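Trainee: Would you mind keeping the following structure in view while I ask a few things?
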Amino acid sequence: MPLSAGSPASERGVAAPLGRGCLCAGPGANGEEWGRICGGGVAGGGLRYLRRVRRRLFALVALLAIGGAGCGFPGMAGVERPPVPTPRVVSQADPRYDGTTTVMPSGATGVEVRHAEPVRPGRRLHAVYPDVPGAGPLTERLKRHAERQVEEFLNTHPDHAPTGRGTPPAPELNVGFSFLALSGDLVGVRQETSYFNGIEEGVGARDLWYDRRQRQVHEPAALFDGDDAVVAVLDEVRRELESRPEVRLERLKKTLAEPDQALRAAAFTRDGDLVVVYEGAELGTGSGAPVAVRVPKAKVRNQLSDLGRRARAQAALPTPPMMPAGLSPVPRMPTPRAEPVPCHEVSCVAITFDGGPGPETARLLEVLGRHKARATFFVTGAHVSIYGDLLRAAGRAGHQIADGTWSHRDLTRLSPGEVRAELDRTRAAVRAATGLEARPVRPPYGAVNARVAANAGGPLIFWTADPAAGRIGGGAQEIADRAIAASGRGAILVFHESGPETAAALDRTLRVLSARGHRFVTVSERYAPRRMADGFTYPERRPAPPP
14 MPLSAGSPAS ERGVAAPLGR GCLCAGPGAN GEEWGRICGG GVAGGGLRYL
64 RRVRRRLFAL VALLAIGGAG CGFPGMAGVE RPPVPTPRVV SQADPRYDGT
114 TTVMPSGATG VEVRHAEPVR PGRRLHAVYP DVPGAGPLTE RLKRHAERQV
164 EEFLNTHPDH APTGRGTPPA PELNVGFSFL ALSGDLVGVR QETSYFNGIE
214 EGVGARDLWY DRRQRQVHEP AALFDGDDAV VAVLDEVRRE LESRPEVRLE
264 RLKKTLAEPD QALRAAAFTR DGDLVVVYEG AELGTGSGAP VAVRVPKAKV
314 RNQLSDLGRR ARAQAALPTP PMMPAGLSPV PRMPTPRAEP VPCHEVSCVA
364 ITFDGGPGPE TARLLEVLGR HKARATFFVT GAHVSIYGDL LRAAGRAGHQ
414 IADGTWSHRD LTRLSPGEVR AELDRTRAAV RAATGLEARP VRPPYGAVNA
464 RVAANAGGPL IFWTADPAAG RIGGGAQEIA DRAIAASGRG AILVFHESGP
514 ETAAALDRTL RVLSARGHRF VTVSERYAPR RMADGFTYPE RRPAPPP
């Protein structure tokens, strides 16, 4: 399935009127709330404040920055969450794109992860996009692109719905994102799409830039000072690609024929060089891997527009701290229990979650705390920095944080190095956010083989029941009823964090199962005192199947 090439002309230069918002809070009300969250009163009910922490954090940033004075900044009309004036981020060089600078937002930025994929039983489909506060036109463009990719995938593969582990590689679509800039008045987002149609695969990227000054979304061509500058940059790209033996010249000529379509992904390194990215299929390389072309800064310096100069300056910023000191307290939540549960003597059920952390995580933590239940969160690494505050809260409450891979791709189609990168990047992000080790692994879609097992670096955790599997149009009660019916001693249940009905289903499930005498434990507690073996699948404790 080819990637959608570019965006329709009707989407270019989208602009929308902005309103004015004020991010001020009185020191009395805000200080009282913060005291409840950070002080001793939390153990008596601070969970109800968890969902407000991120919202209150915006107010604290403004309050400390202005000392209680008035404030004002642009915000999208009708958007409830105002932009943060000076979000703090951590920048890094992305080796997949020849050192292009990407940034990892902290919880202070107010970014939320949204899912674009519908519920489709057995589909290898994962599509997310960022909801950026104060950048409504950008968020809408990102949403539409992700939804178009999903629609095209489902139309192309209407009947293929593989289930069960050990099945051959099936059609897959994965739409993710990374930030190229997220500070001051400039936001840059790279949407990354990987696909597999059962025979061929590919990875593509497209960039969008949002200028808060102009309140407008721009394509990468806007980084350059007019059409002549775009042509000059593409000439440099052409000369570099013509020297690569894997590039087919006729495909290269076709790809670069229309300058306004030939720059779908272009960003900067910390040194100021420009990196332009193409899909391998566009250049006839015979590989699904993206092709990155670096143009030295000296050859693009005079071609940049004001937007391009600002984007390059953002990429060159030194790495700031993750958050300003004292502005990211983790709400202290009551630990469900201190004593270990002897699962060899009592009936234990392991509650697990996939696809988070995300906007629903706070509600799930609240429900778990109310029922004194511990659970295991198999997190998507790309989301960890955005929701690091909630993940730290989960760890402090006694929940287990485990590895759900970085981008939720089918690991069986990746090389050993790519498998390790998907898992190791997630573990590093979890370690940085929580100080915890995410050793257990949940392979996306239950897809595993011997190559994945050999590079997992931890036990491979599956499930005895997925209550949401096969659900189209059902609700919380249906999911809960399935979970209850499938729960017995030693059961491992999986819930999906992206579902808005998950918290209600979880609440009903825990209430009924608790009344029946079940205890709720993490995956590691489920198998204690034995240590789960690396590369083995659980709950059966079997070696992974061959490729």
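Numbered according to the numbering used here, the sequence shown spans residues 14 to 560. Don't be surprised by glycine CBs; every beta carbon is placed ideally from N, CA and C. Since we're looking at a predicted model, the values are computed, not measured.
1) Nearest to Arg109 by alpha carbon, out of Arg252, Glu125, Val306, Leu381?
2) Could you please give me the residues that DSSP links to Cys361 through a beta bridge?
3) For Gly149 and Val290, I'd like the C-alpha separation in whole angstroms.
4) Going by Cα to Cα distance, which pick from Leu320, Pro355, Glu185 is closest to Asp172?
5) Alpha carbon to alpha carbon, what distance is there between Thr522 and Gln490?
6) Quick check: the segment 393-406 against the segment 538-549, are at least 3 beta-carbon pairs closer than 8 angstroms?
7) At the 8 angstroms Cβ level, is Arg555 part of the contact set with chain B, yes or no?
8) Is Phe209 closer than 8 angstroms to Val202 when the C-beta atoms are compared?
9) Suppose the cutoff is 7 angstroms on Cβ atoms and the five residues either side in sequence are ignored; what does the same chain contact list for Ala516 look like?
10) On a Cα-Cα basis, can you pick out the residue from Gln162, Gly503, Val308 that is closest to Glu358?
11) Quick check on this structure: which residue in Val145, Val313, Ala451, Ser511 has the alpha carbon closest to the alpha carbon of Phe391?
12) For Pro143, write down the residues that DSSP places opposite it in a beta bridge.
13) Confirm, please, whether the CB-CB distance from Val188 to Ala234 is below 8 angstroms.
14) Shortest alpha-carbon distance to Ile364 belongs to which of Leu155, Ser500, Phe166?
15) Using 10 angstroms around the beta-carbon of Gly371, count the other beta-carbons present and answer buried if the total reaches 16, otherwise exposed.
16) Among Thr447, Val443, Val454, which one has its Cα closest to the Cα of Val432?
17) Excluding five sequence neighbours on each side, which residues of the same chain lie with their C-beta closer than 8 angstroms to the C-beta of Glu255?
18) Nearest-angstrom Cα distance between Leu320 and Asp220?
19) Would a C-beta distance cut-off of 8 angstroms place Phe237 and Val230 closer than the cut-off?
20) Tell me the rounded alpha-carbon separation between Ser341 and Leu296.
21) Please say whether Ile414 and Ala563 have beta carbons closer to each other than 8 angstroms?
22) I need the straight-line Cα distance from Ala218 to Thr169, nearest angstrom please.
23) Pick from Gly512, Pro258, Asp423, Gly112: whose alpha carbon is nearest that of Glu435?
24) Of the residues Gln316, Ser428, Phe475, Arg438, which one's Cα is nearest the Cα of Thr418?
25) For Gly211, which residues of its own chain have a beta-carbon under 6 angstroms away from its beta-carbon, when the five flanking residues on both sides are left out?
26) Using the rule of at least 16 other Cβ atoms within 10 Å of the residue's Cβ for burial, across every protein chain shown, is Pro472 buried or exposed?
27) Mapping the DSSP letters down to three states, classify Asp367 as helix, strand or coil.
28) Starting from the N-terminal side, write out each stretch of the alpha helix (DSSP H) that is 4 residues or longer and does not extend beyond the segment 453-529.
29) Distance, Cα to Cα, Thr393 vs Ala460?
30) Indicate the three-state DSSP secondary structure (helix, strand or coil) for Gln227 in the structure shown.
31) Helix, strand or coil for Asn187, going by three-state DSSP, please let me know.
32) Assuming Phe166 is part of the beta strand (DSSP E), what are its boundary residues?
33) Is it the case that the Cβ atoms of Ser360 and Gly112 are separated by a distance below 8 angstroms?
34) Select from His421, Glu538, Phe549, Ala467 the residue whose C-alpha is nearest the C-alpha of Phe475.
Mentor: In brief:
1) Val306
2) Arg532
3) 26 angstroms
4) Glu185
5) 9 angstroms
6) no
7) You won't find chain B in this structure, because it holds only one protein chain.
8) no
9) Glu373, Arg376, Leu377, Val380
10) Gly503
11) Ala451
12) Val126
13) no
14) Ser500
15) buried
16) Val454
17) Leu262, Leu265
18) 14 angstroms
19) no
20) With a pLDDT of 38 at Ser341, under the threshold of 50, the predicted position of this residue should be treated as unreliable, though the coordinate-derived value follows. Rounded to whole angstroms, Ser341 to Leu296 spans 46 angstroms at the Cα level.
21) This structure cannot settle anything about residue 563, because the visible part of the chain is limited to 14 through 560.
22) 20 angstroms
23) Asp423
24) Arg438
25) Pro184
26) buried
27) strand
28) 463-468, 489-498, 515-528
29) 16 angstroms
30) coil
31) strand
32) First-last for Phe166: 149-169, but that is the alpha helix (DSSP H), not the beta strand (DSSP E).
33) no
34) Phe549
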